[in-house]
Amino acid sequence: MTSSIQTRLTEMENRNSLFETQLRQVEMPICNAFLDNGAVVPASFHETDTVLKGPDQARTDAAFPKSAQKSGNVVLEAVSGKSRPTAKRIAVLFSGGPAAGGHNVLVGIQKIIGQDNTLLGIRKGPKGLLEGQLFEIKADDLAAIENLGGFDYLGSDRTKIKTPEQFELVKKTVRQFKLDGIIVIGGDDSNTNAAVLAEYLYDEGCVVVGVPKTIDGDLQVGELLPISFGFDTATKVYAELVGNILQDTPSSRKYWHFIKLMGRSASHVALEVALQTRPAVTLISEEVDAKQWSLNDIVEHIAAVVARRAAKGISYGVVLVPEGLIEFIPEFRVLISELNDVLAEYEQDLAPLSLSQKKNFVETKLNQGSAQLLASLPDSIKDMLLLDRDSHGNLQVSQVPTESLLVEMIGIKLSEMKNHPARYFGAGKLAFSEAEMATFNQFKFATNNHFFGYEGRCGAPTLFDAAYTLNLGLIAGSLALSGKTGYMAALRDLDQGGRPLAIPLTGLINVEKRHGVDEMVIKKALVDIDSPAFQYFAQRRSDWANDDLFVSPGPRQLWGPTAAQLPFMVVLNQGYDSLEFSIR
Ligand code: FBP
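Per our numbering: the sequence shown = residues 608 to 1191.
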């Protein structure tokens, strides 16, 4: 190797690949509200006509008396402001799972804060806030991570701040570091945390602002917030991978691929990837719930698709499985809810037990139906259902191998179909000709399982996520500097230049029963099966099942015709006229 090649390769170390070096230099568009003769300036905010009113608004307002009264739950819009206060100290943290673009939120905040104020980074998420792990961020430090993926600059965690001791620790940190504001970059649970902190810190004079992050896409507020950041990048990465697998299937002609996709409870990710790639089967948890499909219904549905394709000589296909499916299957929902209660009630008794002792103990505490269901499951599923819940009380669905359970049961169902044809074929059932039946009988159900999740959370942001997050940072920074507390940054009209907004968090909070107790939380936005995006999918899916109509979208682009493409789900649900985003 020549020394010049050696030098070149060494230069690429530490996030300096040719791609990363180029990417850092791409200039992202900025909304007019933050520009004054080309310079970035904080915006100011005026009230819009939109007042948020949830079903439990009176209770919410009573629980958040200071912030709700101050905001009146009125949505604000950012307009050109120009003046920049000085000597403010604003801290920022990441909360929950990573999502592409997080680093650009920091860049946006820093641009607004400028040199006459101080930006502090909180290491390790909410936990770092409790521990006082803060450090000063210098503008130059952020140049290295501009437009790049990951949350590594600060780190993140999932600590829920709920006990009086924790609140006291937050107050200690606020006083120790003389904070005027805290910006929480997180999902629905983290923004609930932000609302609670805003109320708690109201009299301290420390404002709390949220930024909507999550690849799950379940933090949406109609046209006010069409999508959270990170969803576009994650779904484009998954769509590329799924497209590649789809392309492999008619080439090798031997496998059914079962692909579980991250997204927690909501199936937005699965729906978006289906819209981008058109595989044979995509399950949508919210539909399973609405139609009360049992596990057996789901298995029979997929087995019928597999059999129909096999009879036509198509011995392969792709099934997309949303990560949270298991929580939506009625009998599992009951089981999980009972398990949640048992795990909470007997926490101390269970702590010293081994996993197999735990299983035996838990089975004795469940109702008969749930105990039978748990006993019937493979150990791999049982173990994961018994795992500790996260600090927000959620089942760790990413750890449950639902796709393996489906594969196992579909395999059994297909054997049954072959061994007992009278039960499955004939009038009103599957109708195969003799030749098709013979082809089906020769078909071998060979499978491959995949789980795409971590592959898409930390990739370099798409052009949309990079531009979106920069502007969310500009909004959040402006809110913090102007002393507005209890708001979440948002951008609407993403096809029309983008209108920067501030959504009052108290207007998003509802009362939800969690483990039998009423809790004030921001409701997860699940897939609406009446939405245009779901309807588009539902009207076409049987064609995608019966034939190979898949498409392979290829890698996400930063230049060229598809670079500015928005998620299809956003375009369809928002009724946009363009597939491309526009921010200006
Ligand atoms: P949040 O954005 O709500 O934090 O979740 C993102 C996510 O990637 C989910 O899709 C997934 O269920 C979860 O994190 C996995 O958690 P972990 O990173 O702890 O494995």
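Ideal Cβ placement from N, Cα and C applies to all residues, glycine included. Source: prediction; values computed, not measured.
Closest residue to residue i among the options (Cα-Cα distance)
i            : options                   : result
residue 1064 : 890, 1185, 836 and 956    : 836
residue 1013 : 1057, 994 and 999         : 1057
residue 630  : 1041, 1005, 1153 and 1069 : 1069
residue 1094 : 702, 806, 882 and 1134    : 806
residue 1074 : 869, 635 and 918          : 635
residue 969  : 975, 984, 988 and 946     : 946
residue 963  : 936, 994 and 856          : 994
residue 653  : 855, 781, 1086 and 984    : 1086
residue 1117 : 609, 640 and 661          : 661
residue 1015 : 628, 865, 730 and 1111    : 865
residue 1089 : 985, 719 and 1141         : 719
residue 1055 : 925, 974 and 957          : 925
residue 1159 : 825, 961 and 849          : 849
residue 791  : 697, 1132, 854 and 658    : 697
residue 1072 : 1051, 958, 1164 and 986   : 1164
residue 863  : 917, 810 and 816          : 917
residue 899  : 879, 934 and 876          : 934
residue 1005 : 1133, 823 and 940         : 823
residue 793  : 1080, 817 and 784         : 817
residue 901  : 749, 851, 940 and 627     : 940
residue 1161 : 1183, 840, 1153 and 656   : 840
residue 721  : 1076, 641, 1131 and 1036  : 641
Buried/exposed call for residue i, threshold 16 Cβ in 10 Å
i            : result
residue 892  : buried
residue 1029 : exposed
residue 625  : exposed
residue 869  : buried
residue 845  : buried
residue 932  : buried
residue 1019 : exposed
residue 915  : buried
residue 734  : buried
residue 753  : buried
residue 821  : buried
residue 905  : buried
residue 1010 : buried
residue 987  : exposed
residue 619  : exposed
residue 785  : exposed
Proximal residues to residue i (C-beta, below 7 Å), its chain only, five neighbours per side dropped
i            : result
residue 1078 : 637, 638, 715, 1098, 1105, 1107 and 1190
residue 861  : 922, 923 and 1053
Cut-off 6 Å between Cβ atoms - residues of its own chain near residue i, not counting five sequence neighbours on either side
i            : result
residue 1128 : 799 and 1119
residue 675  : 668 and 1113
residue 649  : 688, 691, 719, 1085 and 1088
Helix, strand or coil at residue i [DSSP, three-state]
i            : result
residue 733  : helix
residue 658  : strand
residue 682  : strand
residue 1164 : coil
residue 691  : coil
residue 840  : helix
residue 996  : coil
residue 1107 : strand
residue 703  : coil
residue 1116 : strand
residue 671  : coil
residue 1187 : strand
residue 651  : strand
residue 918  : helix
residue 1175 : helix
residue 1032 : strand
residue 1159 : coil
residue 726  : strand
residue 1067 : coil
Delimiting residues of the beta strand (DSSP E) encompassing residue i
i            : result
residue 900  : Segment: none, residue 900 is in no beta strand (DSSP E) and carries neither H nor E.
residue 1054 : 1054 to 1059
residue 741  : 741 to 743
residue 924  : 924 to 929
residue 634  : Looking at the DSSP string, residue 634 is not in any beta strand (DSSP E), and its letter there is neither H nor E.
Range covered by the alpha helix (DSSP H) that runs through residue i
i            : result
residue 709  : 709 to 720
residue 1147 : 1139 to 1153
residue 771  : 771 to 783
residue 935  : 932 to 935
residue 1018 : 1009 to 1026
residue 970  : 962 to 972
residue 871  : Where residue 871 is concerned, there is no enclosing alpha helix (DSSP H), given that its DSSP letter is neither H nor E.
residue 1095 : Taken as a continuous stretch (DSSP letters only), residue 1095 belongs to no alpha helix (DSSP H), being part of the beta strand (DSSP E) at 1094 to 1099.
Contacts around residue i, its chain only, beta-carbon distance under 8 Å, and the 5 residues preceding and following it disregarded
i           : result
residue 777 : 736, 737, 768, 804, 807 and 808
Residue i at chain B interface by Cβ criterion, 8 Å
i           : result
residue 861 : You won't find chain B in this structure, because it holds only one protein chain.
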